[in-house]
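Worksheet: one structure, shown below.
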Amino acid sequence: MKLLRFVLFFGAVLALAWATRPAPTAAAIHAMETIVAASGLDEDLEAIGYNSHRGEFLVIWQVREGANSDLYGRRAVMTPAFAWLGQAFVIANSSRAERNAAVAYNSNDGDFLVVYEYEWNANDIDLRGQRVAGWAGGGDSGPSLDLKGGPFGIAESLSIERSPDVAHFHAGQNFLVVYTVENATESDVFARRVARRGLGDGGGELIGSVFPIAADFQRSEKEPTVITVSQQGYFLVAYAYAFGSGDFDILGQRVHGTPQPGSQLLNPAFDIAFSETSETEPDLAYSPSRQAVLAAWTSSSGGDSDVWGAWLDERILSGSALIGASFTLAADPVAVERGVVVDVDPTRADSAPAALLTRQANAGAGERLGVLWLDPNPLAGVRILEPLYLFPERPFTFQQPVLKVCHGKPGMLAGYSARFGVSPNTQDDAHLLPTTRWNVLLPLIRRGS
1 MKLLRFVLFF GAVLALAWAT RPAPTAAAIH AMETIVAASG LDEDLEAIGY NSHRGEFLVI
61 WQVREGANSD LYGRRAVMTP AFAWLGQAFV IANSSRAERN AAVAYNSNDG DFLVVYEYEW
121 NANDIDLRGQ RVAGWAGGGD SGPSLDLKGG PFGIAESLSI ERSPDVAHFH AGQNFLVVYT
181 VENATESDVF ARRVARRGLG DGGGELIGSV FPIAADFQRS EKEPTVITVS QQGYFLVAYA
241 YAFGSGDFDI LGQRVHGTPQ PGSQLLNPAF DIAFSETSET EPDLAYSPSR QAVLAAWTSS
301 SGGDSDVWGA WLDERILSGS ALIGASFTLA ADPVAVERGV VVDVDPTRAD SAPAALLTRQ
361 ANAGAGERLG VLWLDPNPLA GVRILEPLYL FPERPFTFQQ PVLKVCHGKP GMLAGYSARF
421 GVSPNTQDDA HLLPTTRWNV LLPLIRRGS
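Number 113 in my numbering belongs to position 113 of the sequence shown; there are no gaps in the numbering.
And the structure:
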């Protein structure tokens, strides 16, 4: 009897302790703030590529001087700690403005494809591509042999083509480049395939013609992002669709992983986010072991914005692929959260997807960069594994967050453009926050390039 009373008492104590437990706190992150470029000109971080064979990163940024801008790259590694590999090199520089780059790693040939905007004038912007060697000196062009071949056109019309993104499909041996085409009244989303070097149509760089992803002449579509769903053999494109005036939704469109004789689209588009608020800025991350895709976006209403997410089932090839309902990643009722990017280690089933975003506590507060981790199980009852950790406040605002997670080992490379000053007198520098661990309490350290 005494034992029974003790068990009941002990159980009551445990229940009380659980009910009154403090809310989980974010694990502090050991990250070394690294300046990519701070020359006195404007430098904006554009993209980060990852060579999964060598465990090396390709960091890409834009350098602006007046109306002209060029693209530069530099290699880096995270083992055993962050370190640059070699010096910066030119990816694209001419008398025209080259900007807004995206990058994908070609696992067939061990190199990168960088796609970017090429501005003829304010009313005529094309898209070009440049192949970059997978390792220092592994190319055949450029002063340091970091490039493969020269620039080539991907989308060239008399319209404005901009906001490119790119993904590579190993089994299909091709890239898919997605982008927006703008005219005076609306914008549409288009795509084009890029081949392995010299294996395109007629021995060139391209496969087939430009084709539409979403081109409703009465609505605008914008902000496309693309990933490869390799196990099912297709690309997945997410984009913002103008459902009504000031009301955007997020839609998804599957695209065949290999060129087709007819339509390149794999079944009609489907809804990902479709509430009464405006959903924009979509991003995607693919977890092969979970057979799922993580979608994230910014949801805005009035002067407030939050960050939401949803899981998609890769095996569903037609109609909605949503796994359950959408959920909040960061939704403080007062704070403004936006600009989310997500990534996950595709080689491990237990790898927690990471989300990087910016947060402003209130209208008068400074903006801070934050990161959180999700439970890797799409069916988990509690979605957030580690709550939002906010990096220390800095004397600048954060532009264009970028995130790339290491494969097969802990660590990630986060980055952003640091904007100093107040418009029109601003100065942008490109920064990185590399970390090999995310659960050790150590101070933020700053170092130069």
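Built from N, CA and C at the ideal position, the CB exists for glycine as well.
From which residue to which residue does the beta strand (DSSP E) around residue i run?
i: ALA195; result: 187-195
i: PRO164; result: 160-169
i: THR397; result: 397-405
i: ARG99; result: 97-106
i: LEU390; result: 384-390
i: ARG290; result: From DSSP, ARG290 is part of no beta strand (DSSP E); its letter is neither H nor E.
i: SER305; result: 304-313
i: ILE207; result: 206-214
i: PRO224; result: 221-229
i: PHE175; result: 174-182
i: THR358; result: 354-360
i: PHE89; result: 83-92
i: ASP343; result: 336-343
i: SER326; result: 322-330
DSSP has residue i in a bridge; who is on the other side?
i: PHE152; result: GLY129
i: PRO434; result: LEU413
i: PRO268; result: Looking at the DSSP assignment, PRO268 forms no beta bridge with any residue, so it has no partner.
i: TRP61; result: LEU45, TYR72
i: ASP124; result: ASN121
i: GLN253; result: VAL237
i: GLN427; result: PHE420
i: PHE248; result: ALA242
i: GLY370; result: LEU357, LEU390
i: ASP283; result: ALA296
i: PHE274; result: Partner(s): none; PHE274 has no beta bridge.
i: LEU317; result: Paired residues: none, contrary to the question.
i: ASN51; result: GLU56
i: ASP146; result: Bridge partners of ASP146: none, in fact.
i: ASP111; result: ASN106, ALA133
According to the neighbour-count rule (16 or more other Cβ atoms, all chains shown, within 10 Å of its Cβ), is residue i buried or exposed?
i: HIS431; result: buried
i: THR426; result: exposed
i: LEU251; result: buried
i: LEU158; result: exposed
i: GLY153; result: exposed
i: SER49; result: Note that residue 49 corresponds to Gly in the displayed sequence, not to Ser. GLY49 is buried by the Cβ-count criterion.
i: ASN121; result: exposed
i: THR79; result: exposed
i: GLU65; result: exposed
i: THR185; result: exposed
i: PHE420; result: exposed
i: VAL114; result: buried
i: TRP438; result: For TRP438, the pLDDT reaches just 45, beneath the cut-off of 50, and the residue's location in the model is therefore unreliable, although a value from the coordinates is still provided. Buried is the call here.
i: ASN93; result: exposed
i: ASN183; result: exposed
Near residue i, what residues of its chain come up, given a Cβ to Cβ distance below 6 Å and the 5 sequence neighbours on each side ignored?
i: ASP429; result: ALA38, GLU43, ALA418
i: VAL334; result: ASN362
i: GLU46; result: ILE60, TRP61, GLN62, ALA101
i: ALA349; result: SER289
i: GLY137; result: LEU145
i: PHE274; result: ASP249
i: VAL181; result: SER159, GLU161, ASP188, PHE190
Within this structure, are the beta carbons of residue i and residue j separated by less than 8 Å?
i: PRO353; j: VAL344; result: yes
i: PHE460; j: ALA167; result: Any question about residue 460 goes unanswered here, given that the chain covers just 1 to 449.
i: GLN253; j: ILE213; result: yes
i: TYR116; j: GLU98; result: yes
i: LYS222; j: ALA195; result: no
i: ARG368; j: GLU393; result: yes
i: ARG128; j: GLY149; result: no
i: PHE327; j: TRP308; result: yes
i: ALA88; j: PHE57; result: no
i: GLY110; j: HIS53; result: yes
i: ALA331; j: ARG359; result: no
i: PRO424; j: LEU357; result: no
i: GLY366; j: TYR389; result: no
i: ARG193; j: PRO259; result: yes
i: PHE175; j: ALA104; result: yes
i: THR225; j: LEU284; result: yes
i: PRO376; j: TYR286; result: no
Who are the near neighbours of residue i in its chain, counting only those whose CB is closer than 7 Å to its CB and skipping five residues on each side?
i: ASP304; result: VAL336
i: ALA292; result: TRP311, LEU312, ASP313, GLU314, ILE323, PRO378
i: SER69; result: GLN62, VAL63, ALA97, GLU98, ARG99
i: ASN108; result: HIS170, GLN173, ARG196
Using a threshold of 7 Å, is the CB atom of residue i nearer than that to any non-hydrogen atom of the ligand PLP?
i: GLY244; result: What this structure holds is no ligand at all, so the ligand PLP is not there to describe.
Looking only at its chain, what residues have a beta carbon closer than 8 Å to the beta carbon of residue i, apart from the 5 residues adjacent to it on each side?
i: LEU317; result: GLN232, TYR234, ARG254, LEU266, ASN267
i: PRO22; result: Its pLDDT being 39, under 50, PRO22 is placed unreliably by the model, and the measurement read from it follows with that caveat. Taken in chain order, the list of residues that qualify is empty.
i: GLY203; result: none
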